[in-house]
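Chemist: Going by the working numbering, the sequence shown opens with residue 6, and the numbers climb by one from there.
Ideal Cβ positions, reconstructed from N, Cα and C, are used throughout, including at glycine.
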Amino acid sequence: GVVVLTKADSRPVTTHPCIRCGHCVDACPVYLNPQLLGNLAQVERYEEMEQERLADCMLCGCCSFTCPSNIPLSQMFQAAKVALKKQKAVA
Numbered sequence: 006g007v008v009v010l011t012k013a014d015s016r017p018v019t020t021h022p023c024i025r026c027g028h029c030v031d032a033c034p035v036y037l038n039p040q041l042l043g044n045l046a047q048v049e050r051y052e053e054m055e056q057e058r059l060a061d062c063m064l065c066g067c068c069s070f071t072c073p074s075n076i077p078l079s080q081m082f083q084a085a086k087v088a089l090k091k092q093k094a095v096a
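#1: Can you tell which of 88, 35, 77, 30 has its C-alpha closest to the C-alpha of residue 63?
#2: For the 8 Å Cβ check, are there 3 or more pairs between the stretch 53-63 and the stretch 14-21?
#3: For residue 55, which of helix, strand or coil comes out of DSSP?
#4: Roughly how many angstroms separate the alpha carbons of residue 24 and residue 94, rounded to a whole number?
#5: Taking all protein chains shown into account, do 16 or more other C-beta atoms lie within 10 angstroms of the C-beta of residue 82, making it buried, or fewer, making it exposed?
#6: Is it buried or exposed, residue 26, if we count other Cβ atoms within 10 angstroms and call 16 or more buried?
#7: Below 7 Å CB to CB, which residues in the same chain sit around residue 33 once its five sequence neighbours on both sides are set aside?
Written out as structure tokens, the structure reads:
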């Protein structure tokens, strides 16, 4: 089903630090380590993300959905893919 909230019922999503629960790892359909990729994305270590198979990420959002800390992992991965593409275009 679909859940529809009024503006009064919805509230901004607050993110919290990663608690290393592993839910994102368990949810990933292509067996990536979103926890590691997220840590690398936060410090903009995109080349290392590429070595950890960032290109295999389908951006399905399963990791973000299951994260109890509300970390926008798939959005971070999308931004990293764009940054890598720009870096390669310049080189």
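Modeler: This is what the structure gives:
#1: For residue 63, the closest C-alpha among the options 88, 35, 77, 30 is that of 35.
#2: The stretch 53-63, when compared against the stretch 14-21, does not touch it at the 8 Å Cβ threshold.
#3: Residue 55 falls in the helix class under three-state DSSP.
#4: Looking at the two C-alpha atoms, the distance is approximately 36 Å.
#5: Buried, by the Cβ-count rule.
#6: So residue 26 ends up on the exposed side.
#7: Cβ neighbours of residue 33 beyond the five flanking positions: 39, 67, 68.
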